[in-house]
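First residue of the sequence shown: 1330, per the working numbering; consecutive thereafter.
By construction, the Cβ of each residue, glycine as well, lies at the ideal position given by its N, Cα and C atoms.
Step one of this worksheet: look at the structure below.
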Amino acid sequence: MLLRHTPKQITERQALTINPAKTCQPVGAMYAALGIHRCMPHSHGSQGCCAYHRSSLTRHYNDPIISGTSSFSEGASVFGGQANLLEAFVNIFSLYNPDIIAVNTTCLSEVIGDDLTQMIRKGYDENKIPAGKIVIHANTPSFTGSHVTGFANMTRAMVKYFAKSGGKGKNGTVNLIPSFIEPSDMEEIKRLAHEMDVRFIMYPDTCGVVNSPLDGRYRLYPNGGCRKEQIIASGDSHTTLALGHLGAQPAATLLDTQCKVPFETIDLPIGIAATDRFIETLRNVAGVSVTETIQQERGQFVDALCDMAQYTYGKKVSLVGDPDILVPMAEFCSSIGMKVLHAVTGTPPAKYPFEERIKAVAGEHVIVKAGQQSDMFLFHQLLQNDKPDILMGNTYCKYIARDMDIPLLRIGFPIYDRIGHSYEPVMGYKGGLSLFIKLLNTLMDRIDRDAEEENFELIM
Ligand code: SF4
């Protein structure tokens, strides 16, 4: 067994990371860039980095993920990647004709110190970027942060390059900026906003891009994604709702500074309480009412929770993933009577009080670990010291789950060995119900598997 040798005894580590509980910044930046219509992500670094970023996203979404690369070799690694990038602009625009190229840096180009602002300006000056085409960039050094930071940095770049105030005052539109979440969840958030008749702009918006339909015709640029004009217009919106403190708030903050659009940051709508807060905030800022349909969806969710509370009550759960997801997920688990034992993330929380938030929603007893050394190795050790009834985390948890014979519910990024995450939301009331059903079925399958002959019941 792969992880058989993980010792139970925990030794404090200062520098070493073993099996990180995160992935690298450009993966998040590339994912965010795909959320703009007709945008080609571009990785400014080696081909190996780009291949890794693309394959991570391709395997998670089971869809082709497009991206260019500056293809650094020895020369670019020593002298910088300007020549490669300028050539890439010419090739990409002439061969693939995107409206926008969104460049993310990598560890290598950051260590060299490539000045992307200057290089892009040179691209315009030397007509390597055709008239009417746009290049934006985000610095995404992967030796800090994680895919969530990269997503936040690229979303912030969208604001920096596009958002403008038209000077005619604010209109009634609400900006919805999500953290690194599935296209299915973006779609569900948009559905709820539509249902309440809210005028909104969402970006990034990867729905219809990384989960686009198969209709016999390959489209390099699928129909989904936020239009550039909408991002420009977001500077005239009335308010921004940042859905996630680490993945969404940086863009909302810049939009406030740049275009004076005030913002509120709230948790992602996972579970009853967080979805209630989302609906209530949206209702307040947009001045709309909660519809009968939404109330019915909430009622069905509550009904299912009440009907099946005995199967989740007292069950111990350990969580690993991204901070913006873990906080409302811990709150949801706690609200259905589960005891959260651990919350571990490889994403450094910076100034966000991640530990305090987790403890506030799930109790002081929760062991919370965040940052570079809060890796899958540590997570495994923590579980050996206090074994939960269920794990919630990404595909990499399967090794731990197998080693310790713990049921696993796959949530977060990446998920390589199951499908459904790009189509079935876990957010909102409907998504929450679907999440609860998955959780319940995972627990009930285990009860059935472990039941003695005399206790193996048709009705549980
Ligand atoms: S961690 Fe750095 S070197 Fe590794 S794939 Fe990511 S950007 Fe490239």
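Judged by DSSP secondary structure, I1696 falls within the beta strand (DSSP E) whose first and last residues are 1696–1699. Taking each of T1594, T1569, D1596 in turn and checking the Cα distance to L1584, the smallest one comes out for T1569. Setting aside the 5 residues that flank it on each side, I1623 is surrounded in the same chain by L1521, E1524, M1525, I1608, Y1758, each with a C-beta closer than 8 Å to its C-beta; the list follows chain order. Of all C-beta pairs linking the region 1661–1674 to the region 1632–1648, three or more are shorter than 8 Å, placing the two stretches in contact. Residue pairing by DSSP places E1593 opposite L1570 in a beta bridge. Distance check between R1367 and each of I1729, L1772, E1558 places E1558 closest, using alpha-carbon atoms only. Taking the C-beta atoms as reference points, F1472 is found nearer than 8 Å to C1436. The region 1510–1570 contains, as complete alpha helix (DSSP H) runs of 4+ residues, the segments 1512–1524, 1557–1562 (chain order).
In terms of CA proximity to L1712, V1673 leads the group L1738, A1481, V1673, R1686.
Where H1750 is concerned, there is no enclosing beta strand (DSSP E), because DSSP gives it neither an H nor an E. Non-local C-beta neighbours of V1649 in its own chain, meaning closer than 6 Å and more than five positions away in sequence, comprise A1350, V1673, F1708, G1722, ordered along the chain. Leaving aside the five residues that flank V1527 on each side, the residues in its chain whose CB is nearer than 7 Å to its CB run, in chain order, V1503, L1611, A1615, V1617.
I1744 is classed as buried because its beta carbon has at least 16 other beta carbons within 10 Å across all chains shown. Note on geometry: alpha-carbon atoms of P1370 and R1485 lie some 15 Å from one another. The beta carbon of T1346 sits closer than 7 Å to those of Q1701, Q1702, D1704, all from its chain and outside the five residues before and after it, given in chain order. Runs of the alpha helix (DSSP H) lying entirely within the region 1370–1425, each at least 4 residues long, are 1376–1390, 1403–1408, 1411–1425 in chain order.
Between the alpha carbons of L1543 and N1552 lies a distance of about 12 Å. CA-to-CA, the gap between P1512 and D1651 works out to about 16 Å.
The beta-carbon separation of S1508 and G1576, rounded to 3 Å, stays under the 8 Å limit for a contact.
Between D1636 and I1776, the alpha-carbon positions lie close to 17 Å from each other.
Taking C-beta separations shorter than 6 Å and ignoring five residues to either side along the sequence, the partners of G1573 in its chain run S1508, L1597, D1653, following chain order. In the structure shown, G1576 adopts coil according to DSSP, grouped into three states. Relative to the ligand SF4, even the nearest heavy atom lies 7 Å or more away from the CB of T1398.
Membership of T1434 in any alpha helix (DSSP H) is not indicated; the residue belongs instead to the beta strand (DSSP E) covering 1429–1434.
For G1452, the enclosing alpha helix (DSSP H) covers residues 1445–1454. Only residues of its own chain outside the window of five on either side were considered, and among them L1655, V1656, A1659, V1669, A1672, V1695, V1697 have a CB closer than 8 Å to the CB of I1687, listed in chain order. The closest CA to that of A1467, considering only D1454, A1481, K1457, is found on A1481.
In this structure, the CA atom of F1401 is about 7 Å from the CA atom of G1410.
In the DSSP assignment, T1676 falls outside any beta strand (DSSP E) and carries neither an H nor an E. Approximately 6 Å separates the beta-carbon atoms of L1414 and H1373; this is inside 8 Å, confirming the contact.
Counting only runs of 4+ residues, the alpha helix (DSSP H) found wholly inside the region 1583–1665 occupies 1600–1615, 1621–1636, 1638–1641, 1652–1664, in chain order. Collapsing the DSSP output to three states places R1739 in a strand.
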